[in-house]
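J.: Pasting in a structure now, in structure tokens, and then I'll have a few things to ask.
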Amino acid sequence: MSGGYGGWTPQEPGGWIPPEPEPTVELRPPSRWAQLRGRLSGGRRDGGGPRPPRVRRFSWPKRILAGGLVLVLLVGGYATWLYFHASGEIRHENVISDYPGRPAEGKGTNWLLVGSDSREGLTSDQEDALHTGTGAVTGNTSRTDSMMILHSGSNGTSLISLPRDSYVTIPAWTDSKGKQHALSKNKLNAAYAFGDAPLLIKTIEVSTGVRIDHFAEVGFGGFVKVTDAVGGVHLCLDKPLKDELSGADLKAGCQTLNGAQGLAYVRDRYSDPLGDIGRMQRQRTFLAALAHKVSSTGVILNPFKLVPVLDNSLAAFKVDNGTNLSDLYDMFQHMKGVSGSNGHTIVVPIANEDYNVPGVGSCILWDKTKAGQLWSAVINDTTMPALSATGGV
Numbered sequence: 001m002s003g004g005y006g007g008w009t010p011q012e013p014g015g016w017i018p019p020e021p022e023p024t025v026e027l028r029p030p031s032r033w034a035q036l037r038g039r040l041s042g043g044r045r046d047g048g049g050p051r052p053p054r055v056r057r058f059s060w061p062k063r064i065l066a067g068g069l070v071l072v073l074l075v076g077g078y079a080t081w082l083y084f085h086a087s088g089e090i091r092h093e094n095v096i097s098d099y100p101g102r103p104a105e106g107k108g109t110n111w112l113l114v115g116s117d118s119r120e121g122l123t124s125d126q127e128d129a130l131h132t133g134t135g136a137v138t139g140n141t142s143r144t145d146s147m148m149i150l151h152s153g154s155n156g157t158s159l160i161s162l163p164r165d166s167y168v169t170i171p172a173w174t175d176s177k178g179k180q181h182a183l184s185k186n187k188l189n190a191a192y193a194f195g196d197a198p199l200l201i202k203t204i205e206v207s208t209g210v211r212i213d214h215f216a217e218v219g220f221g222g223f224v225k226v227t228d229a230v231g232g233v234h235l236c237l238d239k240p241l242k243d244e245l246s247g248a249d250l251k252a253g254c255q256t257l258n259g260a261q262g263l264a265y266v267r268d269r270y271s272d273p274l275g276d277i278g279r280m281q282r283q284r285t286f287l288a289a290l291a292h293k294v295s296s297t298g299v300i301l302n303p304f305k306l307v308p309v310l311d312n313s314l315a316a317f318k319v320d321n322g323t324n325l326s327d328l329y330d331m332f333q334h335m336k337g338v339s340g341s342n343g344h345t346i347v348v349p350i351a352n353e354d355y356n357v358p359g360v361g362s363c364i365l366w367d368k369t370k371a372g373q374l375w376s377a378v379i380n381d382t383t384m385p386a387l388s389a390t391g392g393v
């Protein structure tokens with residue numbers, strides 16, 4: 001009997017034999033070659049299924065745009081940091097204030113720029129090297145070594161030197177001990193010695209009728225630091241300059257002056273036939289050249305130069321409370337204009353350069369008529385009168 005039933009098959013001579021088990025299929029992961037074929041054919045990495053969507057790549061214009069945006073963010077961040085860093089270096093002092101009878105605001109902007117004989121920050125060895133002496137006058141009181149009004153407006157920029165020996169009226173003032181002093185006549189730089197910058201500003205406003213909007217002062221040490229920070233100042237001298245008292249020892253011709261040489265250049269007055277008048281001319285020349293260097297693209301666009309220049313320059317200046325970093329930048333820009341075609345460098349007109357006053361000494365007396373014309377032009381921001389760069393001396 002053949003056939004089967006119930007899962008068994010009869011066998012002869014007898015009994016049954018179970019069915020043979022089906023072979024086991026071993027599953028293995030696809031080979032690397034299979035994976036590669038799958039990717040090439042559009043399937044998954046395991047060889048099956050559709051190919052995943054391609055990652056979209058940016059075109060070159062979009063890459064350039066993205067890079068530009070990143071650059072803008074970096075530059076903006078650097079500029080923001082630099083502004084706040086530099087602003088923190090500025091030394092503010094309360095030196096400008098209102099008082100009864102103060103001149104009204106005029107047109108344009110007026111800076112009072114002061115170079116003092118302060119030795120702040122200098123060691124005794126540095127004082128010797130710079131020929132500045134061993135300190136200011138007794139009592140740790142500084143005097144002004146130079147004073148200039150920088151006026152900028154619609155008729156260009158003017159830098160006006162005020163001789164420190166100018167015979168002026170010094171308003172009543174109160175000293176640090178509370179003692180009151182009556183109005184008096186004295187040399188202009190005595191106002192600074194008596195009552196520091198606030199009394200000097202008030203004296204100049206009363207004597208000229210010009211309202212001072214901003215104030216900046218730098219001492220001997222600061223002057224040297226600023227000049228060295230910009231890599232020196234390039235000047236061309238018509239003749240040699242040698243003076244043992246100031247330390248000046250410069251040859252004729254074009255050359256770059258470092259901080260110590262620049263200080264000697266602007267302080268020398270004994271080797272110059274014009275004395276203090278000649279010295280004021282050199283001060284204006286040097287300051288204009290320094291302003292060109294400070295605001296040049298080689299400094300402004302180079303962070304490795306700009307940061308040290310700002311650190312040394314701003315820390316060297318003392319300014320009024322109303323002056324910010326933008327004001328200082330504008331000041332340097334206007335200073336550059338002094339040497340331009342629309343700039344003027346002037347000494348206040350002088351009537352007598354050796355006006356002897358008992359108890360005061362040899363003073364400089366202003367020419368009232370011509371000086372009045374000058375101050376009127378400053379106040380009203382009109383064309384400057386034709387005045388001598390030496391004050392008529």
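Reminder that position 236 of the sequence shown reads as 236 in UniProt numbering, one-by-one numbering, no gaps. Glycine included, each C-beta is placed from N, C-alpha and C at the ideal position.
1. Counting beta carbon pairs with one atom in the region 192–206 and one in the region 367–381, are three or more of them shorter than 8 Å?
2. Just checking, does the region 347–356 make contact with the region 325–333 on the three C-beta pairs under 8 Å criterion?
3. Within 10 Å of its beta-carbon, does Ile96 have 16 or more other beta-carbons around it, so buried, or fewer, so exposed?
4. Whole angstroms are fine: how far does the CA of Ala66 sit from the CA of Trp60?
5. Nearest to Gly340 by alpha carbon, out of Arg284, Ser124, Gln373?
6. Using DSSP's beta-bridge definition, name the partner residues of Gly343.
7. Should Val357 be labelled buried (16 or more other beta-carbon atoms within 10 Å of its own) or exposed?
8. Return the chain-ordered list of same chain residues with a C-beta closer than 8 Å to the C-beta of Tyr355, the five sequence neighbours on each side being excluded.
9. What is the rounded straight-line gap between the Cα of Gly222 and the Cα of Leu274?
10. Please confirm whether Met147 and Leu159 have their CB atoms less than 8 Å apart.
11. Within a Cβ cutoff of 6 Å, which residues of the same chain sit near Pro103, ignoring the five residues on either side of it in sequence?
12. Taking Gln261 as the reference, give the member of Pro308, Arg269, Ser246 with the closest Cα.
13. Taking the alpha helix (DSSP H) that Tyr270 belongs to, which residues open and close that run?
14. Taking 8 Å as the threshold, find out whether the region 169–180 comes into contact with the region 287–307 through three or more Cβ pairs.
15. Who does Phe317 pair with in a DSSP beta bridge?
T.: In short, the structure shows the following:
1. Counting Cβ pairs under 8 Å, fewer than three are found: no touch.
2. No, they do not touch.
3. So Ile96 counts as buried.
4. Distance between the alpha carbons of Trp60 and Ala66 is about 10 Å.
5. Minimum Cα distance to Gly340 is reached at Arg284.
6. The beta-bridge partner set that DSSP reports for Gly343 consists of Thr157.
7. Exposed, since its Cβ has fewer than 16 Cβ neighbours within 10 Å.
8. Answer for Tyr355: Tyr167, Ser362, Cys363, Ile364, Leu365, listed in chain order.
9. Going from the Cα of Gly222 to the Cα of Leu274 covers about 27 Å.
10. Not a contact, by the Cβ cut-off of 8 Å.
11. Cβ contact annotation for Pro103 (same chain, cutoff 6 Å, sequence separation greater than five): Glu205, Gly209, Arg211, in chain order.
12. Comparing alpha-carbon positions, the option among Pro308, Arg269, Ser246 lying closest to Gln261 turns out to be Ser246.
13. Tyr270 -> no alpha helix (DSSP H), and no H or E assigned at all.
14. Here the region 169–180 makes no contact with the region 287–307; the two share fewer than three CB pairs at distances below 8 Å.
15. DSSP, once it has assigned bridges, lists Val218 as partnering Phe317.
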